[in-house]
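Asks:
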Amino acid sequence: EVQLWESGGGLVQPGGSLRLSCAASGFTFNSYAMSWVRQAPGKGLEWVSVIYSGGISTYYADSVKGRFTISRDNSKNTLYLQMNSLRAEDTAVYYCAKDRGHYDSATYEHVLGFDYWGQGTLVTVSS
Amino acid sequence: QSALTQPRSVSGSPGQSVTISCTGTSSDVGGYNYVSWYQHHPGKAPKVMIYDVSKRPSGVPDRFSGSKSGNTASLTISGLQAEDEADYYCSSYAGSYTFVLFGGGTKLTVL
Chain W
115 EVQLWESGGG LVQPGGSLRL SCAASGFTFN SYAMSWVRQA PGKGLEWVSV IYSGGISTYY
175 ADSVKGRFTI SRDNSKNTLY LQMNSLRAED TAVYYCAKDR GHYDSATYEH VLGFDYWGQG
235 TLVTVSS
Chain X
410 QSALTQPRSV SGSPGQSVTI SCTGTSSDVG GYNYVSWYQH HPGKAPKVMI YDVSKRPSGV
470 PDRFSGSKSG NTASLTISGL QAEDEADYYC SSYAGSYTFV LFGGGTKLTV L
């Protein structure tokens with residue numbers, strides 16, 4: 115059974131930093147891309163970042179580019195999100211999500227999509 | 410404002426059918442057959458109910474179905490049951506720069 119468990123959320127002041135972790139089990143962690151997705155209070159979901167299986171290729175939403183860093187430790191089956199220069203608008207529940215590993219048959223392009231999610235960890239940025 | 414547009418809420422009585430729409434553009438919903446629908450009970454992990462517009466993961470009841478026409482995708486839940494009451498989110502692949510977009514979510518109430 116695939117399980118994803120986020121931790122590390124909490125209350126932080128504007129301008130502060132926080133590191134989230136996501137412990138994974140039940141699948142071959144080092145074979146799949148992993149993402150962070152967030153949901154601000156009363157808002158919809160927003161994709162934040164993705165890291166591919168080898169840990170080298172990473173991409174970010176414009177809203178967090180330059181402030182957040184995604185990483186992974188395949189030996190520990192753990193995904194991380196280092197969040198710096200936090201702003202009030204970063205307040206959200208942060209979910210880690212496993213990529214389903216699909217490639218388009220015509221273009222061979224990787225299609226980012228999620229088949230399993232964690233329950234989320236709440237990050238509150240406030241003074 | 411979310412990238413994909415969903416109704417804020419829908420409702421139906423047990424046994425009835427409801428349809429939730431998800432409207433995007435030709436750069437996302439209309440451009441790819443990679444629309445997914447997630448069911449989210451607050452405090453729990455979101456669960457994928459439909460992927461690739463109309464495919465159901467194993468274990469998802471066939472009461473859940475998906476379709477797409479142009480830039481609008483739809484999730485239909487037939488034979489509504491009390492446990493279907495949840496928030497539903499659509500998502501669409503949007504290319505190798507934007508990656509993935511989500512809707513704002515629809516709260517389904519089973520009356």
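Chains as they are written, first to last, in our numbering: chain W, 115 to 241; chain X, 410 to 520.
Think of the CB as a built atom: it goes at the ideal place given N, C-alpha and C, for glycine as much as any other residue.
Every value quoted in this text rests on a predicted model; they were computed, and no experiment measured them.
If we cut at 9 Å on Cβ distances, does W/L226 have a partner in chain X?
Replies: To locate residue 226 of chain W, count along the first sequence from 1; it is residue 112. Yes, because at least one Cβ of chain X sits closer than 9 Å to the Cβ of W/L226.
Asks: What does a CB cutoff of less than 6 Å around X/T414 pick up in its chain, not counting 5 residues either side in sequence?
Replies: Numbered from 1 along the second sequence, position 5 holds the residue referred to as residue 414 of chain X. So the qualifying residues of the chain are T432.
Asks: Can you tell me which of the three DSSP states X/Y355 falls into?
Replies: In the structure displayed, chain X extends from 410 to 520; residue 355 of chain X sits before or after that span and is not available.
Asks: Contact between the region 149 to 166 of chain W and the region 508 to 516 of chain X: three or more CB pairs below 8 Å?
Replies: Touching, yes.
Asks: Cα separation between W/L125 and W/S135?
Replies: As a working mapping, residue 125 of chain W is identified with position 11 in the first sequence. As a working mapping, residue 135 of chain W is identified with position 21 in the first sequence. Approximately 16 Å, taken between the alpha carbons.
Asks: Taking the alpha-carbon positions, what's the W/G169 to W/R186 distance?
Replies: Here residue 169 of chain W refers to the residue found at position 55 when the first sequence is read from its first residue. Here residue 186 of chain W refers to the residue found at position 72 when the first sequence is read from its first residue. Those two C-alpha atoms are separated by around 6 Å.
Asks: Quick check on the burial criterion: 16 or more other C-beta atoms within 10 angstroms. Buried or exposed for X/G513?
Replies: On the second sequence, residue 513 of chain X is found 104 positions in, with the first residue counted as 1. Answer is buried; the Cβ neighbour count reaches 16.
Asks: For X/Y460, tell me which candidate among X/A454, X/V438, X/H450 has the shortest Cα-Cα distance.
Replies: Position 51 of the second sequence, counted from the start, is the residue given in the question as residue 460 of chain X. Minimum Cα distance to X/Y460 is reached at X/V438.
Asks: Tell me the DSSP bridge mates of W/Y138?
Replies: The sequence position of residue 138 of chain W within the first sequence is 24, counting from 1. For clarity, residue 138 of chain W is Ala in the given sequence; the question names Tyr instead. In the DSSP output, where bridge partners are listed per residue, W/A138 has W/L118.
Asks: Let's test the definition: count the other Cβ atoms within 10 Å of the Cβ of W/T221 and tell me whether it reaches 16, buried, or not, exposed.
Replies: Taking the first sequence and counting its residues from 1, one reaches residue 221 of chain W at position 107. The residue is exposed, with fewer than 16 neighbouring Cβ atoms inside 10 Å.
Asks: For X/D496, tell me which candidate among X/G479, X/T434, X/Y447 has the shortest Cα-Cα distance.
Replies: Counted from its first residue, the second sequence places residue 496 of chain X at position 87. Comparing Cα positions, the closest option is X/Y447.
Asks: Please determine, among X/G468, X/P470, X/T428, the residue with the shortest C-alpha to C-alpha distance to X/C499.
Replies: Stepping through the second sequence from its first residue, residue 499 of chain X is reached at position 90. Measuring from the Cα of X/C499, the nearest candidate turns out to be X/T428.
Asks: Interface residues of chain X around W/D229 at Cβ under 8 Å?
Replies: As a first step, residue 229 of chain W must be located in the first sequence, where it is residue number 115. The contacting residues are V457, Y460, P466.
Asks: So, at 7 Å on beta carbons, what are the nonlocal neighbours of X/Y443 in its own chain, with the 5 sequence-adjacent residues on each side left out?
Replies: Translated into positions along the second sequence, residue 443 of chain X becomes position 34. Counting only Cβ-Cβ distances below 7 Å, and skipping sequence neighbours, we find D461, S501, Y502.
Asks: Look at W/A100 and W/P155 and say whether their C-beta atoms are less than 9 Å apart.
Replies: Nothing can be reported for residue 100 of chain W, as the shown portion of chain W is limited to 115 through 241.
Asks: Name, in chain order, the residues that DSSP records as bridge partners for X/A482.
Replies: Numbered from its first residue, the second sequence carries residue 482 of chain X at position 73. Partner(s): X/C431, X/K477.
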